[in-house]
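>
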Amino acid sequence: MDEELEPKIRARAEADDLRGAATLALEGYGPEILGWLVATTRSHEVAEEVFSMLSEDLWRGLPSFRWDASMRTWLYVLARHAHARYRRSGFEKRRRPLSELSDVEAAVRSKTRPWLRTDVKDRFRALRDELSEDDRSLLVLRVDRRMAWADVTRVIGEEGEEKKAIARVRKRFSLLKERLHRRAQEEGLLDRS
């Protein structure tokens, strides 16, 4: 992750260059968020539609964003909310993009699609696909995205006092790791020596 990205995005937003701030945010964080959506939803089409909704939400919400969290964390939260709306509404793919950032969205999608495939990776991916959507999301945020516990807690929407919410998420993650470890051993994916 580019440590200079957050200050660049914020500087553009504070200079009233909202298009520039949104473009930097989507170019910088879009590929990882779209990858998370694909891993969570197990569908490129659904992930792309949710990503489009996220882009619109970013565009609409950026003027009132208060920087209580990082832009990265906020984008994940927007993605989670967009995905929840998508699931509730039975949303169908729009014929024309509403976002002013549709060119940026398309560029992010084209960079994110290639997947490396090997037999072992496919078998691990199959184990991941057995998980619930919420567990896949937790796994990707913490392991693949190396997100801090406080940010993971915000993104997945764990309610309550921060320290207790983080403790609950960490416990859930620990149980998830144990369950995955057992399944990987059962599938012969781990060296048992």
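Going by the working numbering, the sequence shown opens with residue 367, and the numbers climb by one from there.
Where is the CB? At the ideal position from N, CA and C, for every residue including glycine.
(1) Which residues in the same chain have their Cβ closer than 7 Å to the Cβ of Trp515, if we skip the five residues on either side of it in sequence?
(2) Are Thr407 and Ser503 touching if we call contact CB-CB under 7 Å?
(3) Cα-Cα, which of Val518, Ile399, Ser498, Val509 is closest to Ser421?
(4) Would you identify the three-state DSSP class for Leu497, choosing helix, strand or coil?
(5) Can you give the Cα-Cα distance for Asp495 and Leu441, rounded to whole angstroms?
(6) Is the distance from the Cβ of His410 to the Cβ of Val416 below 7 Å?
(7) I'd like to check one pair, Ala387 with Arg378: are the Cβ atoms closer than 7 Å?
(8) Which stretch, first to last residue, makes up the alpha helix (DSSP H) that contains Pro429?
(9) Does the separation of the CB atoms of Val443 and Val521 fall below 7 Å?
(10) Which same chain residues end up closer than 8 Å to Ala424 when comparing Cβ atoms and leaving out the 5 residues on each side of it in sequence?
(11) Determine the burial state of Glu458: buried for a count of at least 16 other Cβ atoms within 10 Å of its Cβ, exposed for fewer.
(12) Flag this pair as yes or no: are the beta carbons of Glu372 and Met437 separated by less than 7 Å?
(13) Nearest to Ile375 by CA position, among Pro397, Phe431, Glu552, is which residue?
The structure says:
(1) The sequence position of residue 515 within the sequence shown is 149, counting from 1. Same-chain partners within the cutoff: Ile532, Val535, Arg536.
(2) Counting from 1 along the sequence shown, the entry for residue 407 is found at position 41. Counting from 1 along the sequence shown, the entry for residue 503 is found at position 137. Cβ distance not < 7 Å, so Thr407 and Ser503 don't count as in contact.
(3) Reading the sequence shown from its first residue, position 55 is the one you call residue 421. For Ser421, the nearest C-alpha among the options comes from Ile399.
(4) Translated into positions along the sequence shown, residue 497 becomes position 131. Residue state, collapsed to three classes: coil.
(5) Indexing the sequence shown from 1 puts residue 495 at position 129. Indexing the sequence shown from 1 puts residue 441 at position 75. In a straight line, the C-alpha of Asp495 is about 23 Å away from that of Leu441.
(6) Position 44 of the sequence shown holds residue 410. Position 50 of the sequence shown holds residue 416. Here His410 is not near Val416, since their CB atoms are 7 Å or more apart.
(7) In the sequence shown, counting from the first residue as 1, residue 378 sits at position 12. In the sequence shown, counting from the first residue as 1, residue 387 sits at position 21. Their beta carbons are under 7 Å apart, which means Arg378 touches Ala387 by this criterion.
(8) Numbered from 1 along the sequence shown, position 63 holds the residue referred to as residue 429. Segment: none, Pro429 is in no alpha helix (DSSP H) and carries neither H nor E.
(9) On the sequence shown, residue 443 is found 77 positions in, with the first residue counted as 1. On the sequence shown, residue 521 is found 155 positions in, with the first residue counted as 1. Yes; because the gap between Cβ atoms is below 7 Å, this pair is in contact.
(10) As a working note, residue 424 is residue 58 in the sequence shown. The sequence as given places Leu at residue 424; Ala does not occur at that position. Closer than 8 Å at Cβ, skipping near neighbours: Ala388, Ala391, Leu392, Leu441, Leu444, Leu467.
(11) Position 92 of the sequence shown, counted from the first residue, corresponds to residue 458. Here the model assigns Glu458 a pLDDT of 48, short of 50, so the residue's position is not dependable, and the following value carries that caveat. Glu458 comes out exposed.
(12) Residue 372 sits at position 6 when you count from the first residue of the sequence shown. Residue 437 sits at position 71 when you count from the first residue of the sequence shown. Taking 7 Å as the Cβ cut-off, Glu372 and Met437 qualify as a contacting pair.
(13) Stepping through the sequence shown from its first residue, residue 375 is reached at position 9. The candidate whose alpha carbon is nearest that of Ile375 is Phe431.
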